[in-house]
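In structure tokens form, the structure reads like this:
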């Protein structure tokens, strides 16, 4: 079993590595095409700003590689947003795995932006997002959101219901940070690894 | 529903967790790696690690220590101390930090906030503000609280928000270390004027103080150090208490 984490300039890559290590998995951190293509599982983490991150991906050609991958790919947070068509964050063209545009939260009284902290997940079905996940509190930190679409497998409600997790064919994605969501988050990573 | 967060803070000096009273008279409170892992297991919602001597000594945050703490943590982790430019941040993220906190450098050169936000995103940037009441006005202080500035707390907080910071960590130096409660009135005013999350810091002594910070002060998170380090209040006990008070708690 080979798990690859995609390496690029901005991202909380290290947190994801540590989470996998706590699960007994030693991931490979790389931006090499062959290494990525030969992996059993690919994780595409993200913390950052959409346009500068897309630029880093473009410089490495990863923006073209990722949508062509055949094995299970897990996008996390910004990783999930960049797998959509477009983001309102600095009007950024993204990779287009999920046919939807990422929108900015509009702050309402008492509901601050960014959406930062622990919130409940509502899974739409059983599977990798809910299997053996007892406590559904997950850690979110984001100012932009993916609206609820056909590929939404879990929602979260903050200002409005939005996509907490997506799945389409071999592409999986979470808006929250499973690597930072305690034991329950680690369980979701484990579910993905065991797919 | 979004939950209120309980955040233990590790003020680290020379690799040990310390806690001062009104920012001076620092005493040793233990091994930060051990404490961090313990807090995560006990249900802390987040961890903050501040290298409190970094700015004064011109030292950079001790990255190896960040790495050791992060390895054992499955909750979010904010690191601060001595960050003065964009180049300082990427190594901290690679060491395992999820967010970084800036303080003195942002006061000195506010454009730093815009630069950090552009490169790493709002959600990654926490601006820490230390303030104290001087002649009836809340004034921002820098360098671990040792240098007064002419900036007024609330207008600086608004500027920090406008420049794109994701969160504010507000420490009242008048309350810090006193155990007499958080600066709830100042927190309330800040919460009403800002739309980004605010972490209350400084003054926690008993469990009621956390309730006050969330209700009266409308804070989104509450941070404390010594009461956790010296095991005066346990995190599970605190969270149970707040749940009984109908505070949204994980």
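Chains as they are written, first to last, in full-length UniProt numbering: chain L, 1 to 195; chain U, 1 to 250. Using N, Cα and C, we set each Cβ at its ideal position, and we do this for glycine too.
Candidates the options, of which the one nearest residue i by Cα
{"i": "residue 215 of chain U", "options": "U:105, U:46, U:151, U:246", "result": "U:246"}
{"i": "residue 102 of chain U", "options": "U:110, U:231, U:95", "result": "U:110"}
{"i": "residue 167 of chain L", "options": "L:146, L:133, L:185, L:182", "result": "L:146"}
{"i": "residue 99 of chain L", "options": "L:179, L:14, L:176, L:149", "result": "L:149"}
{"i": "residue 91 of chain U", "options": "U:211, U:228, U:120", "result": "U:120"}
{"i": "residue 129 of chain U", "options": "U:118, U:123, U:143", "result": "U:143"}
{"i": "residue 16 of chain U", "options": "U:173, U:68, U:45, U:7", "result": "U:68"}
{"i": "residue 91 of chain L", "options": "L:189, L:144, L:122, L:107", "result": "L:144"}
{"i": "residue 49 of chain U", "options": "U:239, U:232, U:223", "result": "U:223"}
{"i": "residue 7 of chain U", "options": "U:243, U:240, U:225", "result": "U:225"}
{"i": "residue 44 of chain U", "options": "U:232, U:244, U:221", "result": "U:221"}
{"i": "residue 12 of chain U", "options": "U:47, U:51, U:134", "result": "U:51"}
C-beta atoms of residue i and residue j nearer than 8 Å
{"i": "residue 71 of chain L", "j": "residue 109 of chain L", "result": "no"}
{"i": "residue 199 of chain U", "j": "residue 183 of chain U", "result": "no"}
{"i": "residue 3 of chain L", "j": "residue 193 of chain L", "result": "yes"}
{"i": "residue 168 of chain U", "j": "residue 157 of chain U", "result": "yes"}
{"i": "residue 105 of chain U", "j": "residue 77 of chain U", "result": "no"}
{"i": "residue 119 of chain L", "j": "residue 140 of chain L", "result": "yes"}
{"i": "residue 137 of chain L", "j": "residue 5 of chain U", "result": "no"}
{"i": "residue 204 of chain U", "j": "residue 15 of chain L", "result": "no"}
{"i": "residue 49 of chain L", "j": "residue 88 of chain L", "result": "no"}
{"i": "residue 164 of chain U", "j": "residue 88 of chain U", "result": "no"}
{"i": "residue 217 of chain U", "j": "residue 188 of chain U", "result": "yes"}
Cα-Cα separation, residue i to residue j
{"i": "residue 24 of chain U", "j": "residue 9 of chain U", "result": "Confidence at residue 24 of chain U is low in this model, with a pLDDT of 49, below 50, so its placement is unreliable and the value that follows should be read with caution. Going from the Cα of residue 24 of chain U to the Cα of residue 9 of chain U covers about 16 Å."}
{"i": "residue 14 of chain U", "j": "residue 93 of chain U", "result": "21 Å"}
{"i": "residue 82 of chain L", "j": "residue 58 of chain L", "result": "12 Å"}
{"i": "residue 140 of chain U", "j": "residue 112 of chain L", "result": "24 Å"}
{"i": "residue 166 of chain U", "j": "residue 114 of chain L", "result": "6 Å"}
{"i": "residue 230 of chain U", "j": "residue 35 of chain U", "result": "11 Å"}
{"i": "residue 172 of chain L", "j": "residue 197 of chain U", "result": "29 Å"}
{"i": "residue 79 of chain L", "j": "residue 176 of chain L", "result": "11 Å"}
{"i": "residue 181 of chain L", "j": "residue 20 of chain L", "result": "13 Å"}
{"i": "residue 56 of chain L", "j": "residue 97 of chain L", "result": "18 Å"}
{"i": "residue 95 of chain L", "j": "residue 1 of chain U", "result": "31 Å"}
{"i": "residue 36 of chain L", "j": "residue 66 of chain L", "result": "9 Å"}
{"i": "residue 80 of chain U", "j": "residue 156 of chain L", "result": "30 Å"}
{"i": "residue 202 of chain U", "j": "residue 208 of chain U", "result": "14 Å"}
{"i": "residue 6 of chain L", "j": "residue 127 of chain L", "result": "24 Å"}
{"i": "residue 26 of chain L", "j": "residue 1 of chain L", "result": "10 Å"}
{"i": "residue 32 of chain L", "j": "residue 99 of chain U", "result": "27 Å"}
{"i": "residue 174 of chain U", "j": "residue 75 of chain U", "result": "30 Å"}
{"i": "residue 212 of chain U", "j": "residue 232 of chain U", "result": "18 Å"}
Where residue i sits in the DSSP three-state scheme
{"i": "residue 245 of chain U", "result": "coil"}
{"i": "residue 209 of chain U", "result": "helix"}
{"i": "residue 94 of chain U", "result": "helix"}
{"i": "residue 124 of chain U", "result": "helix"}
{"i": "residue 116 of chain L", "result": "strand"}
{"i": "residue 140 of chain L", "result": "strand"}
{"i": "residue 122 of chain L", "result": "strand"}
{"i": "residue 16 of chain U", "result": "strand"}
{"i": "residue 167 of chain L", "result": "strand"}
{"i": "residue 157 of chain U", "result": "helix"}
{"i": "residue 7 of chain U", "result": "strand"}
{"i": "residue 149 of chain L", "result": "coil"}
{"i": "residue 28 of chain L", "result": "strand"}
{"i": "residue 174 of chain U", "result": "coil"}
{"i": "residue 8 of chain L", "result": "coil"}
{"i": "residue 231 of chain U", "result": "coil"}
{"i": "residue 181 of chain U", "result": "coil"}
{"i": "residue 2 of chain L", "result": "coil"}
{"i": "residue 99 of chain L", "result": "strand"}
{"i": "residue 86 of chain L", "result": "strand"}
{"i": "residue 109 of chain L", "result": "coil"}
Same chain only: Cβ atoms within 7 Å of residue i, ignoring 5 sequence neighbours per side
{"i": "residue 21 of chain U", "result": "Residue confidence for residue 21 of chain U is low, a pLDDT of 48 falling below 50, so the modelled location carries little weight; the figure read from the coordinates is stated next. 177."}
{"i": "residue 58 of chain U", "result": "Residue placement at residue 58 of chain U cannot be trusted, given a pLDDT of 40 that sits under 50; the coordinates are not used to answer."}
{"i": "residue 77 of chain L", "result": "46, 47, 142, 175, 177"}
{"i": "residue 147 of chain U", "result": "141"}
Close-in-space but distant-in-sequence residues of the same chain around residue i (CB under 8 Å, 5 per side omitted)
{"i": "residue 42 of chain U", "result": "234, 235, 236"}
{"i": "residue 170 of chain L", "result": "69, 70, 71, 72, 73"}
{"i": "residue 161 of chain U", "result": "168, 194, 195, 196"}
{"i": "residue 149 of chain U", "result": "107, 139, 140, 141, 142"}
{"i": "residue 72 of chain U", "result": "33, 36, 37, 40"}
{"i": "residue 152 of chain U", "result": "137, 138, 139, 140"}
{"i": "residue 238 of chain U", "result": "6, 207, 210"}
Chain-order list of residues whose beta-carbon lies under 6 Å from that of residue i (same chain, five-residue window excluded)
{"i": "residue 153 of chain L", "result": "124, 129, 165, 167"}
{"i": "residue 184 of chain L", "result": "133, 135"}
{"i": "residue 187 of chain L", "result": "132, 133"}
{"i": "residue 179 of chain U", "result": "205"}
{"i": "residue 101 of chain L", "result": "85, 86"}
{"i": "residue 3 of chain U", "result": "248, 249, 250"}
{"i": "residue 172 of chain U", "result": "183, 202"}
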